[in-house]
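Protein chains: 2
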Amino acid sequence: MNPPEPLVLIVSGPSGSGKSTLVQKLIELPTTLLAISCTTRPPRKTENDGKWYNFVTEAEFQEMVARGEFLEYAQVFGKNWYGTPSKWLDQARAQRKDLVLEIDVQGALQVKQKLPGAVAIFVLPPSRAELEHRIRARGQDSEDEIRRRLERARQEMLNYSSYDFAVVNDDLERAGREVQAIALASRCRVARNEEQIRDILKSFGG
Amino acid sequence: MNPPEPLVLIVSGPSGSGKSTLVQKLIELPTTLLAISCTTRPPRKTENDGKWYNFVTEAEFQEMVARGEFLEYAQVFGKNWYGTPSKWLDQARAQRKDLVLEIDVQGALQVKQKLPGAVAIFVLPPSRAELEHRIRARGQDSEDEIRRRLERARQEMLNYSSYDFAVVNDDLERAGREVQAIALASRCRVARNEEQIRDILKSFGG
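Just so you know, the protein sequences line up as chains A and B, in that order.
When you line the first sequence up against the working numbering, it's residues 266 to 471, in that order.
When you line the second sequence up against the working numbering, it's residues 266 to 471, in that order.
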């Protein structure tokens with residue numbers, strides 16, 4: 266019997282929506298595995314290679330593209346490249362875990378096309394004012410970057426209907442419970458449990 | 266603004282699958298309301314009218330059918346009638362709660378036809394042996410009835426693919442967490458939150 270295809274949980278949301286904190290809530294679950302993305306953007310001071318990203322050169326990234334090693338990849342702001350290596354899907358399959366992808370809208374659409382059973386969660390800020398407040402509080406961005414992030418947030422959110430679930434992150438506790446519930450419930454979909462159900466039916470004589 | 270249509274959570278499963286205990290887990294949630302079914306079957310010793318069922322006469326039941334008062338109804342074992350009055354949907358709408366229906370496969374199919382957004386959960390026993398053990402342990406049924414219940418369980422389970430979710434009740438704690446997660450996750454479906462998402466988008470200028 267081959268290991269079943271892993272459940273793939275996509276989490277997207279604008280920068281500052283609290284998406285990464287909610288991804289943390291997902292990977293607290295014993296059933297999940299986080300895919301580490303590759304990127305050509307330079308690491309921030311606090312970032313170690315291999316924790317949230319594998320930092321690669323543009324040349325390395327393009328070689329991986331040429332070898333077809335990405336489940337999805339995209340260029341952001343016409344500048345840095347981001348991609349999820351397909352090997353994470355193999356690892357999740359081998360470990361019988363659910364694979365969590367923290368990726369943007371472009372990437373989510375690519376994954377949904379390749380893996381129609383993937384479950385896509387969109388994290389929304391409660392309002393523009395709150396998102397702007399959070400981005401400013403982080404203190405990492407110039408006025409120009411803040412404007413660009415807010416405009417990008419708006420554009421990303423226009424794609425909400427490509428997602429299965431929406432989590433409004435106005436209360437981190439509640440939003441955390443919601444993403445965990447989405448993961449747990451998705452494991453219970455009939456389509457993911459046909460084999461076990463048929464085994465039970467067999468015990469009844471079919 | 267009209268109250269949104271209630272989320273309807275259908276729970277089905279063979280007698281002895283632990284379905285009623287899992288329904289209890291659902292109605293522990295502050296967001297849910299249990300629909301009380303009407304039935305023409307005689308109450309068991311432990312049953313009060315109005316807690317799990319409203320016990321009615323065959324004539325009363327048929328009058329309700331004639332007045333179109335049921336969301337779903339069916340005859341079980343060609344003998345007793347069971348039905349869910351539509352008024353529960355109105356109550357759930359008014360209270361802005363999710364409506365929980367503990368109904369059989371025939372009823373579930375009727376509700377899914379009328380309310381395609383309803384979420385249907387099928388509770389399965391882990392095996393025939395375990396179901397038979399539980400039915401015998403209850404000590405309420407004759408050998409004939411036990412045989413009939415097991416055969417009916419098999420027939421009900423053949424309809425599993427009409428359901429959205431399957432919960433195998435081999436561990437009540439885990440199964441309870443699963444049904445609660447299904448309820449919570451279902452509230453997060455994008456289709457149920459369009460209005461809130463559009464309001465957030467409006468704050469970004471549309």
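Where is the CB? At the ideal position from N, CA and C, for every residue including glycine.
Contact list for residue i against chain B, beta-carbon separation under 8 Å
i: Asn-424(A); result: Ordered by position in chain B, no residue passes the 8 Å Cβ test against Asn-424(A), which lies about 11 Å from the chain.
i: Pro-391(A); result: Ile-465
i: Ala-450(A); result: Phe-430, Glu-443, Ala-446, Ile-447, Leu-449, Ala-450 and Ser-451
i: Ala-359(A); result: Within 8 Å Cβ-Cβ: nothing; Ala-359(A) doesn't reach chain B, min ~24 Å.
Counterpart residues of residue i in DSSP-defined beta bridges
i: Pro-350(B); result: Phe-335(B)
i: Ser-302(B); result: Tyr-318(B)
i: Ile-386(A); result: Val-276(A) and Phe-430(A)
i: Val-365(A); result: Leu-274(A) and Leu-299(A)
i: Arg-240(A); result: As shown, chain A starts at 266 and ends at 471. That puts residue 240(A) outside it, with no answer to give.
i: Ala-341(A); result: For clarity, residue 341(A) is Val in the given sequence; the question names Ala instead. Per DSSP, Asn-345(A).
Euclidean distance between Cα positions of residue i and residue j
i: Val-384(B); j: Ala-394(B); result: 29 Å
i: Ala-450(A); j: Arg-309(B); result: 34 Å
i: Leu-437(B); j: Leu-287(B); result: 8 Å
i: Glu-367(B); j: Leu-272(A); result: 29 Å
i: Glu-460(B); j: Arg-399(A); result: 24 Å
i: Phe-335(A); j: Leu-354(A); result: 10 Å
i: Thr-304(B); j: Pro-350(A); result: 57 Å
i: Phe-326(A); j: Asn-345(A); result: 10 Å
i: Val-330(B); j: Lys-284(A); result: 50 Å
i: Gln-445(A); j: Pro-295(A); result: 11 Å
i: Ile-301(B); j: Lys-352(B); result: 10 Å
i: Arg-439(B); j: Ile-411(A); result: 44 Å
i: Ala-418(A); j: Pro-307(A); result: 22 Å
i: Asn-434(B); j: Gly-471(B); result: 46 Å
i: Arg-361(B); j: Lys-377(B); result: 20 Å
i: Tyr-428(A); j: Asp-314(B); result: 44 Å
i: Gln-375(B); j: Glu-337(B); result: 6 Å
i: Arg-403(B); j: Asp-409(B); result: 15 Å
i: Pro-328(A); j: Glu-293(A); result: In the sequence under discussion, the amino acid at residue 328(A) is Glu, which differs from the Pro named in the question. C-alpha separation (whole angstroms): 33 Å.
i: Tyr-347(A); j: Glu-443(B); result: 34 Å
i: Cys-453(B); j: Ala-339(A); result: 27 Å
i: Leu-298(A); j: Ile-275(A); result: 12 Å
i: Trp-317(B); j: Phe-320(A); result: 59 Å
i: Ser-407(A); j: Ile-447(A); result: 36 Å
i: Arg-463(A); j: Glu-421(B); result: 13 Å
i: Gly-441(A); j: Gly-441(B); result: 19 Å
i: Phe-469(B); j: Gln-405(A); result: 21 Å
i: Lys-379(A); j: Arg-401(B); result: 49 Å
i: Ala-324(B); j: Val-365(A); result: 56 Å
i: Val-432(A); j: Lys-467(B); result: 17 Å
i: Ser-392(A); j: Gln-356(B); result: 32 Å
Buried versus exposed call for residue i [16 or more other C-beta atoms within 10 Å across all chains shown]
i: Pro-381(B); result: exposed
i: Thr-322(A); result: exposed
i: Lys-290(A); result: buried
i: Thr-311(A); result: exposed
i: Asp-363(A); result: buried
i: Gly-333(A); result: exposed
i: Ala-373(A); result: buried
Closer than 7 Å at the beta carbon, the chain B residues around residue i
i: Gln-378(A); result: Here the premise fails: no neighbours, minimum Cβ distance about 18 Å.
Contacts that residue i makes with chain A (C-beta to C-beta distance below 7 Å)
i: Gly-372(B); result: The premise fails here: Gly-372(B) is roughly 18 Å from chain A at the closest Cβ pair, so nothing lies under 7 Å.
i: Asn-458(B); result: Ala-431
i: Arg-419(B); result: Phe-469 and Gly-470
Listed by chain order, chain B residues near residue i by CB distance under 9 Å
i: Ile-400(A); result: By Cβ distance, chain B contributes nothing, its closest Cβ being about 13 Å from Ile-400(A), past 9 Å.
Whole-Å CB distance - residue i paired with residue j, under 8 Å assumed
i: Ser-280(A); j: Arg-457(A); result: Contact doesn't hold; Cβ gap of about 32 Å is too wide.
i: Ser-282(A); j: Leu-396(A); result: 7 Å
i: Phe-387(B); j: Phe-430(B); result: 7 Å
i: Gln-358(B); j: Glu-270(B); result: It should be pointed out that residue 358(B) corresponds to Arg in this sequence rather than to Gln. Indeed, because the Cβ distance is near 7 Å, the residues count as touching under 8 Å.
i: Val-455(A); j: Tyr-425(B); result: 6 Å
i: Ile-465(B); j: Leu-389(A); result: 6 Å
Closer than 8 Å: residue i CB and nearest the ligand SAM heavy atom
i: Gly-333(B); result: Only the bare structure without any ligand can be found here, which leaves the ligand SAM out of the picture.
Cross-chain neighbours of residue i in chain A, by beta carbon under 9 Å
i: Ile-462(B); result: Phe-387, Leu-389, Met-422, Tyr-425, Ser-426, Ala-431 and Val-433
i: Arg-454(B); result: Asp-429, Phe-430 and Ala-431
Partner residues on chain A for residue i, Cβ-Cβ distance less than 8 Å
i: Ala-394(B); result: Ser-468
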